[in-house]
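Engineer: Sharing a structure, written as structure tokens. Questions coming.
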Amino acid sequence: MDADVGIIGVGTMGSMAAWQLSKRGVSVLGFEQFGIGNDRTAAGGESRLFRTAYMEGAEYVPLLIEAKKLWRELEKESGKSLLTLNGGLMIGEKDSPPIKAILESIDNYKLEHEILDIKQASKKYPQFKYFANDLVILDKEAGFIRPELSVVSATYLAINKGAKIKQYTTVQKIIPDSNGVTIIANGESYRVRKVVITTGAWTVNLLPELKDKLMPRRLLLTWFIPKNIDDTKPEKLPVFARMRGDFRLTGTPTLDGTMVKASFTKEPLPVDNPKELHRDVYSEEILKLRDSVETLLPAVYPDPVRSSAYMDAYTPDNHAVLGTIPGLKEVVIASGFSGHGFKLAPIIGKIISEIIIDGKTTKNIKNLSPERFVDSFHLI
Ligand SMILES: Cc1cc2nc3c(=O)[nH]c(=O)nc-3n(C[C@H](O)[C@H](O)[C@H](O)COP(=O)(O)OP(=O)(O)OC[C@H]3O[C@@H](n4cnc5c(N)ncnc54)[C@H](O)[C@@H]3O)c2cc1C
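Reminder that position 187 of the sequence shown reads as 187 in the working numbering, one-by-one numbering, no gaps.
So this is what it looks like as structure tokens:
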């Protein structure tokens with residue numbers, strides 16, 4: 001055996017799984033097609049939002065509370081500042097599904113928050129434009145995470161505990177049998193007892209059978225110049241999700257002191273082949289973005305000055321796939337985080353380590369079960 005556990009894809013979830021498994025004394029052999037912390041993965045683009053009052057479903061709140069503790073643990077162990085809780089403004093039509101789900105999370109778990117009427121919000125947060133039927137919620141347990149720093153920090157903590165990571169090494173095939181799993185990567189063969197698949201948007205290349213269930217989608221991040229830089233610093237501007245009709249503009253305050261990130265994150269475009277991601281910006285995208293920024297976020301000039309395209313794997317119900325693959329007891333998958341997985345990453349790493357070491361997790365992840373998409377799977 002080359003290691004107890006092989007991790008395919010040392011990006012967001014793979015790095016956290018490597019950290020958690022190594023902490024518990026399990027030997028890890030990781031494979032990453034790019035370099036660690038590379039900007040081409042779903043961890044690229046300077047920041048990720050952390051939110052606790054969760055529009056994607058109140059069932060995530062216990063996981064988010066645990067995730068926050070683990071972010072703090074990762075900060076302590078790495079000596080790096082990764083998560084800044086400067087609050088999160090959720091603005092949308094009162095009776096819209098995301099606003100209702102946020103209020104449900106707040107009610108069910110008594111989350112610290114503030115509700116502002118339009119008059120109060122216009123005074124406190126003049127960076128946005130408001131409409132009569134908007135509800136403005138300040139999630140006090142929200143803020144931003146530094147993604148590249150997080151992935152690099154978790155990976156090197158794992159390496160310091162003995163994990164071996166093969167960078168610039170692409171896994172072509174995994175072949176499970178009754179005694180373990182053979183991994184074929186860059187033409188070489190490796191043996192491990194168990195394997196974790198954390199290949200994000202590229203999962204379809206390894207498991208083409210799941211192409212309709214783990215669809216790669218393209219997300220465009222865009223940055224804008226603030227009209228008044230001081231008004232967009234983290235002390236003045238919380239992270240935000242500004243929703244209206246078809247628009248969902250999510251963003252962060254200025255982190256470099258010159259630009260504010262504000263991007264469309266609703267219904268990203270499908271990508272046929274993750275190796276051929278369209279990295280340029282389509283002119284229709286810019287026009288739509290320009291229009292919504294002008295309408296909803298007058299604190300910035302409406303033309304983006306920086307843009308980058310990234311991918312994530314999306315499932316049909318927008319909830320991830322996490323657990324042992326049915327019919328393949330040596331193979332654990334964590335993929336399909338559908339554009340909202342980063343904040344959960346350390347708890348996902350912990351759950352993976354529990355499933356691998358203890359055979360089960362104590363966390364409630366029923367809504368993420370692979371069984372909802374796969375009955376029985378044969379990789380060969
Ligand atoms: C633009 C954008 C904005 C987002 N905003 C937020 C946000 O604000 N808040 C939030 O919580 N979430 C957000 N998300 C979602 C979150 O970032 C993702 O859900 C999460 O990062 C996915 O992690 P992953 O490990 O599945 O994928 P990745 O981080 O992409 O990791 C997959 C890794 O596998 C490697 N790999 C793939 N195939 C192979 C192979 N065959 N061999 C070797 N290596 C391989 C890849 O190179 C990569 O490193 C956003 C996502 C994007 C793209």
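The C-beta atom is built at its ideal place from N, Cα and C for all residues, glycine as well.
In the DSSP assignment, what are the bridge partners of residue 88?
Structural biologist: 139 and 239
Engineer: Taking the alpha helix (DSSP H) that residue 16 falls in, what are its first and last residues?
Structural biologist: 12-23
Engineer: Within its chain, find whatever has a CB closer than 7 Å to the CB of residue 380; leave out the 5 residues flanking it on each side and keep chain order.
Structural biologist: Note that residue 380 scores 38 on pLDDT, short of 50, meaning its location in the model is unreliable; the coordinates nonetheless yield the value given after this. The residues are 175.
Engineer: Is it buried or exposed, residue 282, if we count other Cβ atoms within 10 angstroms and call 16 or more buried?
Structural biologist: Looking at its Cβ environment, which holds fewer than 16 other Cβ atoms inside 10 Å, residue 282 is exposed.
Engineer: In three-state DSSP terms, what is residue 251?
Structural biologist: Three-state result, residue 251: strand.
Engineer: Ends of the beta strand (DSSP E) at residue 348?
Structural biologist: Careful: residue 348 lies outside any beta strand (DSSP E), inside the alpha helix (DSSP H) at 345-358.
Engineer: At the level of alpha carbons, what is the spacing between residue 293 and residue 183?
Structural biologist: 47 Å
Engineer: When DSSP labels each residue in this structure, what does residue 110 get in the three-state scheme?
Structural biologist: coil
Engineer: Identify the residues that DSSP records as bridge partners of residue 221: which are they?
Structural biologist: 308
Engineer: Between residue 86 and the rest of its own chain, which residues show a CB-CB distance below 6 Å, the 5 nearest in sequence each way excluded?
Structural biologist: 143, 234 and 238
Engineer: Do you know whose CA, among 367, 207, 124 and 298, lies nearest residue 249's CA?
Structural biologist: 298
Engineer: When DSSP labels each residue in this structure, what does residue 231 get in the three-state scheme?
Structural biologist: helix
Engineer: Give the DSSP-derived three-state secondary structure of residue 181 in the structure shown.
Structural biologist: In the structure shown, residue 181 falls within a strand segment according to DSSP collapsed to helix, strand and coil.
Engineer: Taking 7 Å as the line, does the beta carbon of residue 327 fall inside it for any heavy atom of ligand 1?
Structural biologist: no
Engineer: For residue 331, write down the residues that DSSP places opposite it in a beta bridge.
Structural biologist: 195
Engineer: Can you tell me whether residue 190 is buried or exposed? The criterion is at least 16 other CB atoms within 10 Å of its CB, across all chains shown.
Structural biologist: Burial state of residue 190 is buried, judged by a 10 Å Cβ sphere holding 16 or more other Cβ atoms.
Engineer: In terms of residue numbering, what span does the alpha helix (DSSP H) encompassing residue 291 cover?
Structural biologist: 283-296
Engineer: Is the beta carbon of residue 199 within less than 7 Å of some heavy atom of ligand 1?
Structural biologist: yes
Engineer: Flag this pair as touching only if the region 55-63 and the region 25-42 have three or more C-beta atom pairs under 8 Å; answer yes or no.
Structural biologist: no
Engineer: Report the rounded CA-to-CA distance for residue 213 versus residue 117, giving the unit in angstroms.
Structural biologist: 40 Å
Engineer: At what residue ranges does the region 124-171 contain a whole run of the beta strand (DSSP E), taking only runs of 3 or more?
Structural biologist: If we require 3 residues or more, the beta strand (DSSP E) runs fully inside the region 124-171 come out as 134-139, 143-145 and 164-166.
Engineer: Is residue 323 near ligand 1, going by C-beta to nearest heavy atom under 7 Å?
Structural biologist: no
Engineer: Secondary structure at residue 36, three-state DSSP: helix, strand or coil?
Structural biologist: The answer is coil: DSSP assigns residue 36 none of H, G, I, E or B.
Engineer: I need the straight-line Cα distance from residue 304 to residue 284, nearest angstrom please.
Structural biologist: Their Cα atoms are separated by approximately 13 Å.
Engineer: Near residue 121, what residues of its chain come up, given a Cβ to Cβ distance below 7 Å and the 5 sequence neighbours on each side ignored?
Structural biologist: 130 and 136
Engineer: If you drop the 5 nearest sequence neighbours on each side, which residues of the same chain put their C-beta closer than 7 Å to that of residue 155?
Structural biologist: 10, 15, 18, 36 and 165
Engineer: Are there any heavy atoms of ligand 1 lying less than 7 Å away from the beta-carbon of residue 146, as far as the coordinates show?
Structural biologist: In this structure, the C-beta of residue 146 stays at least 7 Å away from each heavy atom of ligand 1.
Engineer: Using the C-alpha atoms, what's the distance from residue 291 back to residue 218?
Structural biologist: 20 Å
Engineer: Residue 261 lies in the beta strand (DSSP E); which residues open and close that run?
Structural biologist: 260-264
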